[in-house]
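Here's the structure we're looking at; comments come further down.
Numbering (full-length UniProt numbering), first residue to last: 1 to 254.
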C-alpha cells in the first residue's frame, strides 16, 4: 500500500505492527529464546516511524472541525498550512523507512518465523485451556486501571487505559475463533472503550501540538496568532470532559 501511495497506508502499517506486537505480548510465555522480544522491538520502531505523520493528519483534521466563524480565517489557514507542511515531511520520512532495507529485513524475518516459530514445549497445550487465561489476564489489567479513572485523572493515565483496552480487544479478536461469542462480546466492548479513549487522546495530542505552536508564535512576536492558537487549544482541552464522562458512564453501567 505504501509503495502504491494508497490513502491510509502508513496508518495500516502502524496498526499491523501494533496487532503483531500485541499478539506477541499475549503469547510471550511460549516463544523459546529472545526472538519474540527482539521482533516486538523492531515492530515498535517501525510503528513509531509511521506515528508522526498519522498524528499530524488527525490533528489537522481536528483543527478543521473545531475552527469556527469566530476565529480569524487567515490564522486558521496559517495553522493548517504549517500542519500540512509538517505532515508532508513526516509522511515522506515514514515512507522512506517503510520502503527501506530494515523493513525488508523485518518482513523476511516475519515470514521465516511464521513458517517455523521456535516455541517452548508448553506451547503444545490446548488453546481451549490457554486462551481463556490469557484473555482474563489482559482484561484484569484493563479493569484494574480503568477502575481508578476519575474525571480529573491526568491525561497520561487515560492514555494508558486506552492502550490496555486495545490489548484486550486484540486478545479477544485473537481468541474469538476458539472461545466464540463471549470473546466477540469482549472485543466489541473493548473496541467501544478504545474508540472513546482514542478520541480523547486525539484531542490531547491536538492541544499539545497547538500549545507548542502558540509558544512559537509568541516567540516570533505574533500575539494575535498566539491568541487564536490558544482559543483552539482550549476547545480541545474542553472536549476531553464529555468523552471522559461518556467512558465512565459506559464502563460503570449497571
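Even for Gly, the Cβ is constructed at its ideal location relative to N, Cα and C.
Contacts around residue 217, its chain only, beta-carbon distance under 7 angstroms, and the 5 residues preceding and following it disregarded:
225, 226 and 229
In chain order, what residues of the same chain have a beta carbon less than 7 angstroms from the beta carbon of residue 60, not counting five sequence neighbours either side?
80, 83, 84 and 87
Residue 119 (DSSP reduced to helix, strand or coil)
strand
Against chain D, with Cβ distances strictly below 7 angstroms, would residue 186 count as a contact?
Judged by its chain identifiers, the structure shown contains no chain D, having just a single protein chain.
If you draw a straight line from the alpha carbon of residue 97 to that of residue 19, how long is it in whole angstroms?
19 angstroms
Closer than 6 angstroms: residue 152 CB and nearest the ligand MG heavy atom:
The ligand MG is not part of this structure, which contains no ligands at all.
Pick from 247, 30, 50 and 180 that is closest to residue 159, judged by C-alpha positions
247
Do residue 178 and residue 127 have their CB atoms nearer than 7 angstroms?
yes
Once DSSP output is grouped into helix, strand and coil, what is the label at residue 223?
helix
Could you tell me the distance, in whole angstroms, from the CA atom of residue 55 to the CA atom of residue 115?
34 angstroms
Excluding the 5 residues flanking residue 9 on each side, which residues of the same chain have their C-beta closer than 6 angstroms to its C-beta?
1 and 2
Which word fits residue 219, buried or exposed, when buried means at least 16 other C-beta atoms lie within 10 angstroms of its C-beta?
exposed
Kindly give me the distance between the Cβ atoms of residue 186 and residue 172, rounded to whole angstroms, as I take these residues to be in contact under 8 angstroms.
4 angstroms
Please tell me whether residue 194 and residue 239 are closer than 7 angstroms, where the distance is taken between their beta carbons.
no
Is the beta carbon of residue 58 closer than 7 angstroms to that of residue 270?
A query on residue 270 cannot be resolved here, the shown segment of the chain reaching from 1 to 254 and no further.
State the CB to CB distance for the pair residue 28 and residue 41, rounded to an integer number of angstroms; the pair is presumed to be in contact (CB under 8 angstroms).
Actually they are not in contact, since the Cβ atoms of residue 28 and residue 41 sit about 13 angstroms apart, beyond 8 angstroms.
Compare the C-alpha of residue 245 against each of 123, 146 and 109 and name the closest.
146
Taking only three categories from DSSP, how would you classify residue 260?
Within the shown structure, residues of the chain are numbered from 1 to 254, placing residue 260 beyond reach of any answer.
Cβ-Cβ separation, residue 63 to residue 232 (assumed contact under 8 angstroms), whole Å
6 angstroms
In its own chain, which residues sit with a C-beta less than 6 angstroms from the C-beta of residue 254, not counting the 5 before and 5 after it?
Since pLDDT at residue 254 reaches only 49, below the 50 mark, its modelled position is unreliable, and the value read off the structure follows with that caveat. Hits under 6 angstroms: none found.
Mind checking who residue 31 pairs with in its DSSP beta bridge?
119
How would you call residue 140, buried or exposed, if buried means at least 16 neighbouring beta carbons within 10 angstroms?
exposed
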